[in-house]
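Asks: Read in UniProt numbering, the sequence shown has 34 at position 34, and its numbers run on one by one without any break. No residue lacks a Cβ here, since even glycine has one placed at the ideal position from N, Cα and C.
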Amino acid sequence: MQRLPEPELMVDPAQVLAYAAADFSGGDQRTLDRIEALLSSASGRAASDPAVILDLGCGPGNISLPLAKRFPESQVIGVDGSRAMLQVARDRANQQGLSIDLRCSTLQDLALEPVDLIVSNSLLHHLHEPGLLWGLTRELAAPGCRVLHRDLRRPAALAEVHRLQQLHCFDAPAVLIQDFCASLVAAFTPEEVQQQLALAELDGLTVEMEDDRYLVVSGLVD
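Below is the structure:
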């Protein structure tokens, strides 16, 4: 099935409200567990708490906020191009008493000092130019930076898209069902992501499939 890109930013108020209200706790926890495992293993190297954590495409803070709670001594930076999404994240951080640096920026315009951990959850499929993510990952990685990007992967046929929708979000609000299907069609295959990593010379990152619809890119950048 050919990839069909979707809009890069979530700015529609109804869309933002639907995502803020939705329960993504299962997938979020899997992302957090994988981050924890990556930090613990670090490919055999001695791992320490990251001084600076960068969450790209942070949305309403589903990953940024738990990381800020887990690593209170770390600087957590959440970046998103949607001001509406960031406002939700900011409100949640204030309610939870968490200190987090939230910035509205596109990947093209983002300027930061090197960081120790780079993560994203369901960002890659939004990008019209996926090389931006990998170039930024290389550019912002401090020596030994740990990286974890988790995203949907594109099925081989439209029939599989409909099967996954019926299986995983049959009773979700219409806007979430529409976005879920569009995101699957906009996602990349593991083979495409491997090619992207090769072009970016990110040899320390690997791609693996997770369950029936996700892929995970993780590893170290030296």
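#1: Spell out a yes or no on whether the segment 91–101 and the segment 52–65 are touching, meaning 3 or more CB-CB pairs, one atom from each, closer than 8 Å.
#2: Helix, strand or coil: how does DSSP classify ARG154 here?
#3: Which residues mark the beginning and the end of the beta strand (DSSP E) in which ASN121 is found?
#4: With 16 other CB atoms within 10 Å as the buried threshold, where does ALA51 fall?
#5: Please state the DSSP three-state secondary structure of ILE63.
#6: Roughly how many angstroms separate the alpha carbons of GLU87 and ASP80, rounded to a whole number?
#7: Any heavy atom of the ligand MN closer than 7 Å to the beta-carbon of HIS126?
#8: Quick check on the burial criterion: 16 or more other C-beta atoms within 10 angstroms. Buried or exposed for PRO13?
#9: Could you check how far apart the C-beta atoms of GLU210 and VAL216 are, in whole angstroms? I think they sit under 8 Å.
#10: Look at the Cβ atom of PHE188, then the Cβ atom of ARG3, and state whether they are nearer than 8 Å.
Replies: According to the structure data:
#1: yes
#2: The residue labelled residue 154 in the question sits at position 154 within the sequence shown. Residue state, collapsed to three classes: coil.
#3: Locating residue 121 in the sequence shown gives position 121, counting from the first residue. 115–121 is the span of the beta strand (DSSP E), which, as asked, contains ASN121.
#4: Within the sequence shown, numbered from 1, the residue matching residue 51 stands at position 51. So ALA51 ends up on the exposed side.
#5: One-based indexing of the sequence shown puts residue 63 at position 63. Three-state DSSP puts ILE63 in coil, outside helix and strand.
#6: Taking the first residue of the sequence shown as 1, we reach residue 87 at position 87. Taking the first residue of the sequence shown as 1, we reach residue 80 at position 80. Contrary to the premise, residue 87 reads as Gln rather than Glu in this sequence. GLN87 and ASP80: Cα-Cα distance of roughly 10 Å.
#7: The ligand content of the structure shown is nil, which means the ligand MN is not present either.
#8: Taking the first residue of the sequence shown as 1, we reach residue 13 at position 13. It is exposed - the Cβ of PRO13 has fewer than 16 other Cβ atoms within 10 Å.
#9: As a working mapping, residue 210 is identified with position 210 in the sequence shown. As a working mapping, residue 216 is identified with position 216 in the sequence shown. The Cβ separation is near 5 Å, so the contact holds.
#10: Start at 1 with the first residue of the sequence shown, and residue 188 comes out as number 188. Start at 1 with the first residue of the sequence shown, and residue 3 comes out as number 3. Yes, the Cβ-Cβ distance between PHE188 and ARG3 is below 8 Å.
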